[in-house]
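Here's the structure we're looking at; comments come further down.
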Amino acid sequence: MIIAPKDFRDEELKTPKEIFENNGAEVTVASTTAKTARGQMGAEVTPDIEITNVDVKNYDTIIFVGGTGAQEHLWDDKEVQKIAKESYKKEKCTGAICLAPVILAKAGILKGKPATVFKSDDAISELKNNEVKYSKKMVVISGKIITANGPKAAKAFANKIVEMMS
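For the record, in the sequence shown the residue sitting at position 101 is 83 according to the working numbering, with numbers rising by one throughout.
Structure follows, in structure tokens:
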């Protein structure tokens, strides 16, 4: 699970992580730095690794966590986009929630596909500018890509990923 170093959305990390672990998954948290990351709601998480050390082949699923920090720290990060592209090319389950689906759009893996994103003008514009078919649904599945529109969708998002991995 990839989070911004600051202002990731707490429940978009916590809820899916718990669901994945309760279903037997080993979860690795990565960020742009190994320093303690801080969520919008006050959660503090020390990433297991930095994104520069993420080797996609070692994971079944790659998840991008949202929050305002995703826009500020991850949208334009070339290493983060590279991870998204590799995950897609290797046919891994690739998920993004809240503002994070923009990462997938900018990486080019959502072109021509339906996806959802947090309802913000910037995020919706980014999807449309990258030729993504914007959907207002809470969770959208397109092949092995799953997008969700925010914290209220975190549980459904995680459950769809678990379903896909079963």
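No residue lacks a Cβ here, since even glycine has one placed at the ideal position from N, Cα and C.
Straight through space, the alpha carbons of residue 86 and residue 67 are spaced by roughly 8 Å. Its Cα nearest to that of residue -15, the residue 78 stands out among 78, 6, 42, 64. Among the bridge pairs identified by DSSP, residue 13 is matched with 32.
For residue 124, the enclosing beta strand (DSSP E) covers residues 121 to 124. Within a 10 Å sphere around the beta-carbon of residue 131 sit 16 or more other beta-carbons, which makes this residue buried.
Here the alpha carbon of residue 106 sits roughly 30 Å from the alpha carbon of residue 28.
Pairing residue 49 with residue 80 gives a Cβ-Cβ distance under 8 Å.
For residue 19, the enclosing beta strand (DSSP E) covers residues 19 to 21. Judged by DSSP secondary structure, residue 104 falls outside any beta strand (DSSP E) and instead within the alpha helix (DSSP H) spanning 103 to 111.
Secondary structure within the stretch 70 to 95: the alpha helix (DSSP H) runs of 4 or more consecutive residues, fully enclosed, are 83 to 88 (chain order). With contact defined as three or more Cβ pairs closer than 8 Å, the stretch -7 to 4 and the stretch 18 to 27 are in contact.
Between the stretch 31 to 51 and the stretch 1 to 14, the count of C-beta pairs closer than 8 Å reaches three or more; the two stretches touch.
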